[in-house]
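The listed protein sequences derive, respectively, from chains A and B.
Take the first sequence: its position 9, counted from the start at 1, is 9 in UniProt numbering, and no numbers get skipped.
Take the second sequence: its position 43, counted from the start at 1, is 43 in UniProt numbering, and no numbers get skipped.
To start, the structure under review is shown below, and the notes come after it.
Protein chains: 2
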Amino acid sequence: MSVRLDATDRKILAELQVDASQSLDEIAKKVGSSKTPVWNRIRKMREAGVIRQNTVLLDAEALGLEACFFVLIRTSEHEAEWQQRFLSTLRARPEVLEAHRLAGDIDYILKVRVANARAYDSFYQALISEVKIHNVTALLSMEELKATTVLPV
Amino acid sequence: MSVRLDATDRKILAELQVDASQSLDEIAKKVGSSKTPVWNRIRKMREAGVIRQNTVLLDAEALGLEACFFVLIRTSEHEAEWQQRFLSTLRARPEVLEAHRLAGDIDYILKVRVANARAYDSFYQALISEVKIHNVTALLSMEELKATTVLPV
DNA sequence: ACTGAAACGCCACGCCT
DNA sequence: AGGCGTGGCGTTTCAGT
């Protein structure tokens, strides 16, 4: 499924990741091409799914979401039905920004953004009431040292 | 520092987070307003720093970045100089997408995206050679169940 | 594949209410 | 503060190389 991307494609992606509001002319100049080919390349990468979404990144603190937790989860349940329930719960909860199934003795990790510790507790109570979980460890972020969506291309 | 946001502002943010390429008219229609006020609100939220960045989200796998690790770090060093070195290293490394300083017995957590396990090992070797670290646990993601940049507004 | 040009749409503002 | 109008820019498309 992987798409062939040449050096120009990668330069375009690098520019778009940094600032997607740039005009085609600006991007074209920076990558050493011109408007039309840049436009065609972007369209192709969109169609191929390399470019997924055009979005804005917001300041979580300005929105009053001042607490960030990483939640390590161990479970004793590994049946399909349990997994489906767990997954639906995560998807339905907007405070869950990320969820990964892991290799090793910890089964899942979540990244959760909430207003404060109390809001985290509500989330936690809701979660354990909906699905059976063996063990939960919450890691509280004190400081976001780095946070980027820019992938190295 | 916190900005006052009313219901319309929040609706606009919700729309922009889902698709930032929508026209002002489209957004205006959806939030029950019209072009000029929507434009003014967006400009203000940009200036206030609520809207940080306009970007594209890429498919990491399509770019060949097929491995994602969460790295739990314990250190015995807590001096300013060590922290500065550690921070510079993280900032300089594009494969480090997130880094948080934590409360509790684990000091830091990183999220790292790389091509494969071998690339992770290079990163790991480079990291421990640059800064003294007491204990490292790497959690390997087997499956990304959820990943969103959309904050609940 | 890139160039040039042309058509359209949208944005960014100013003015007015 | 919202509605209206407009000049100019940006996007999208098409013919030509």
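Even for Gly, the Cβ is constructed at its ideal location relative to N, Cα and C.
Everything numeric in this text was worked out from a predicted model, so none of it was measured.
Between aspartate 9 (chain A) and the set A:Lys44, A:Gln125, A:Glu26, A:Asp25, the nearest pair of CA atoms involves A:Lys44.
Rounded to the nearest angstrom, the Cβ distance from leucine 65 (chain A) to valine 114 (chain A) is 6 Å, consistent with a contact under 8 Å. Assigned with DSSP and collapsed to three states, arginine 52 (chain B) falls in strand. Put simply, of A:Arg85, A:Leu72, A:Glu61 the residue whose alpha carbon is nearest the alpha carbon of isoleucine 106 (chain B) is A:Leu72. Within chain B, no C-beta atom comes nearer than 9 Å to that of serine 23 (chain A); the closest sits roughly 12 Å away. The beta carbons of leucine 63 (chain A) and leucine 5 (chain B) sit closer together than 9 Å. Residue state for isoleucine 73 (chain B) is assigned as strand, using DSSP reduced to three classes. Residue contact check for glutamate 79 (chain A) against chain B: no CB pair falls below 9 Å. In the structure shown, the three-state DSSP call for arginine 10 (chain B) is helix. Under the DSSP assignment, isoleucine 109 (chain B) falls in the beta strand (DSSP E) whose first and last residues are 108 to 114. Sequence-distant Cβ neighbours of threonine 137 (chain A) in its own chain, meaning closer than 7 Å and more than five residues away, are Leu72. Ranking A:Leu140, A:Arg85, A:Pro152 by CA distance to the CA of leucine 145 (chain B) puts A:Arg85 first.
Against chain A, the CB of asparagine 40 (chain B) has no partner CB under 9 Å away; the residue lies outside that interface. Straight-line measurement puts the Cα of tyrosine 108 (chain B) at about 31 Å from the Cα of isoleucine 51 (chain A).
For lysine 30 (chain A), no Cβ of chain B is located within less than 9 Å of the residue's own Cβ. Bridge pairing for lysine 146 (chain B): A:Ala99 [DSSP]. Non-local beta-carbon contacts of leucine 102 (chain B) in its own chain, meaning distances under 7 Å to residues more than five positions away in sequence, involve Tyr108, Ile109 in chain order.
With a threshold of 9 Å between beta carbons, valine 18 (chain B) makes contact with chain A. Note on threonine 55 (chain B): 16 or more other CB atoms within 10 angstroms of its CB, so buried under the neighbour-count rule.
Contact note: isoleucine 109 (chain B) reaches chain A through Phe70, Leu139, using a C-beta cutoff of 7 Å and chain order. Contact annotation: alanine 99 (chain A) and alanine 147 (chain B) have beta-carbon atoms nearer than 9 Å. Rounded to the nearest angstrom, the Cβ distance from valine 18 (chain A) to valine 150 (chain A) is 7 Å, consistent with a contact under 8 Å. The C-beta of asparagine 135 (chain A) comes no closer than 9 Å to any C-beta of chain B. Residues of chain A whose Cβ lies closer than 7 Å to the Cβ of alanine 103 (chain B) are, in chain order, Leu140, Met142. Serine 122 (chain B) carries a helical assignment under DSSP once its states are collapsed to helix, strand and coil. Contacts with chain A at 9 Å (Cβ-Cβ) include valine 3 (chain B). Across the segment 78 to 98 of chain B, CB contacts with chain A closer than 7 Å involve Leu87, Leu90, Arg91, Pro94, Glu95, Val96, Leu97, Glu98, in sequence order along the chain. The straight-line gap separating the alpha-carbon atoms of aspartate 121 (chain A) and asparagine 40 (chain B) is approximately 37 Å.
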